[in-house]
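**Q** Using the UniProt record's numbering, the first residue of the sequence shown is number 1, and each one after it goes up by one.
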Amino acid sequence: MSIELDTLRRILSMRLVFEGGSGWVSRELIDVLEDYLMERLPVMINNLVEPLGLEASILSDSGCKIFPEEEACNQLVIAELYAGEADKPLVYVLYRLIKGENTFEFYLYKIMEKPD
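1. Does ALA86 pass the burial test, meaning 16 or more other C-beta atoms within 10 Å, or should it be called exposed?
2. Go ahead and pull the three-state DSSP assignment for GLU19.
3. Starting from ILE11, trace the alpha helix (DSSP H) in both directions and tell me its first and last residue.
4. Does GLU28 come out as helix, strand or coil in the three-state DSSP assignment?
5. Among GLU4, LEU8, VAL93 and TYR36, which has the Cα closest to the Cα of LEU16?
6. According to DSSP, residue 119 sits in a beta bridge with which residue or residues?
7. Can you tell me which of ASN102, GLU101, LYS110 and PHE106 puts its alpha carbon nearest to the alpha carbon of VAL93?
8. For LYS65, does the three-state DSSP call read helix, strand or coil?
9. Give the straight-line distance between the Cα atoms of ASN47 and ARG40, rounded to the nearest whole angstrom.
10. Can you check DSSP and say which residues form a bridge with TYR95?
11. Taking the alpha carbon of SER57 as the point to measure from, which residue in VAL91, ILE30 and GLY100 has its own alpha carbon closest?
12. With GLU55 and LYS99 assumed to form a contact (beta carbons below 8 Å), what rounded beta-carbon distance in angstroms separates them?
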């Protein structure tokens with residue numbers, strides 16, 4: 001791969017944290033944050049990687065299928081990065097989404113090459 005993982009880590013790093021009171025308003029805001037983030041995430045990531053000649057595809061609810069060895073596999077949001085018309089992804093970008101009754105956290109967890 002011609003693009004360094006450190007470069008990808010730097011440009012794809014994002015963190016979103018919300019902590020609030022334990023009530024319906026906080027839970028509703030967390031639901032809105034999650035919906036909006038998941039709707040905009042493909043656009044955000046593609047906007048960041050297109051200048052590098054890459055394209056991203058977001059996989060929902062696939063963390064434990066692709067990375068069952070990851071302790072937090074059920075909290076993973078995975079972006080596959082492709083170069084041009086490649087059939088197989090170059091790397092997987094793993095974001096972790098932790099959602100509680102009054103907390104929401106989304107951050108870059110790790111970047112990994114294709115698992116065997």
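Glycine is no exception: its CB is placed at the ideal position from the N, C-alpha and C atoms.
Keep in mind it's a predicted model, so treat the numbers as computed, not measured.
**A** Taking the structure as given:
1. If you number the sequence shown from 1, residue 86 lands on position 86. Here ALA86 is exposed, its C-beta having fewer than 16 other C-beta atoms within 10 Å.
2. The count along the sequence shown starts at 1 and reaches residue 19 at position 19. GLU19: strand per DSSP, three-state reduction.
3. Locating residue 11 in the sequence shown gives position 11, counting from the first residue. Taken as a continuous stretch (DSSP letters only), the alpha helix (DSSP H) holding ILE11 covers 5 to 12.
4. By one-based count along the sequence shown, residue 28 stands at place 28. It is helical.
5. Taking the first residue of the sequence shown as position 1, residue 16 is located at position 16. With distances taken between Cα atoms, LEU16 lies closest to TYR36.
6. The requested residue 119 is not part of the displayed model; the chain covers only 1 to 116.
7. By one-based count along the sequence shown, residue 93 stands at place 93. Here the closest residue by C-alpha is LYS110.
8. Indexing the sequence shown from 1 puts residue 65 at position 65. Note: LYS65 maps to helix in three-state DSSP.
9. Within the sequence shown, numbered from 1, the residue matching residue 47 stands at position 47. Within the sequence shown, numbered from 1, the residue matching residue 40 stands at position 40. When rounded, the distance between both Cα atoms is 11 Å.
10. Indexing the sequence shown from 1 puts residue 95 at position 95. In the DSSP assignment, the residues bridged to TYR95 are VAL77 and LEU108.
11. Here residue 57 refers to the residue found at position 57 when the sequence shown is read from its first residue. Looking at the Cα atoms, VAL91 is the closest of the given residues.
12. Walking along the sequence shown from the start, residue 55 turns up at place 55. Walking along the sequence shown from the start, residue 99 turns up at place 99. About 28 Å separates the two Cβ atoms, so there is no contact after all.
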